[in-house]
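Under our numbering, think of the first position of the sequence shown as 9, with each following residue one higher. Below is one structure, written out as structure tokens; comments come after it.
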Amino acid sequence: MPDEIDELLKLNGVGRKTANLVVTLGYQKPGICVDTHVHRITNRWGYVQTRNPHETEFALREKLPKKYWLTINDLLVTFGQNICVPISPKCSICPVTVYCKKVEVTRSR
């Protein structure tokens, strides 16, 4: 199995999210696996301003310190499934609500 994102992307059916996941989890090499949670939350916070996960990956590569690249997906998937949900996020119990710009949040709990 290739250990470089560009090589993995040459494989049929492998996209950026999967390539980054293989590189980070399989080889412990720098990569940022951006799924809907990472895209939604980092934009909701106002940390990046992007239209899709592809743009979010590259914006985070520019802004996020490399020491967080391997863990951001794991942390934000769990956070996005339990607290910062797509519709009516649970802002009242969110540990980072004071830092969140709540971009496009129209109602919360």
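Note that the Cβ used here is the ideal one computed from N, Cα and C, for glycine as well. Keep in mind it's a predicted model, so treat the numbers as computed, not measured.
In three-state terms, what does DSSP make of L83? helix
Would a check of beta-carbon distances place T58 closer than 8 Å to chain C? Within the model displayed, chain C is absent; a lone protein chain is all it includes.
Can you tell me whether DSSP reads N60 as helix, strand or coil? coil
Should K25 be labelled buried (16 or more other beta-carbon atoms within 10 Å of its own) or exposed? buried
Can the beta-carbon of G21 be found less than 8 Å from the beta-carbon of R48? no
Does the Cβ of I60 have 16 or more other Cβ atoms within 10 Å, making it buried, or fewer, making it exposed? First, the residue type needs correcting, since residue 60 is Asn and not Ile in the sequence shown. Exposed, since its Cβ has fewer than 16 Cβ neighbours within 10 Å.
For T44, does the three-state DSSP call read helix, strand or coil? helix
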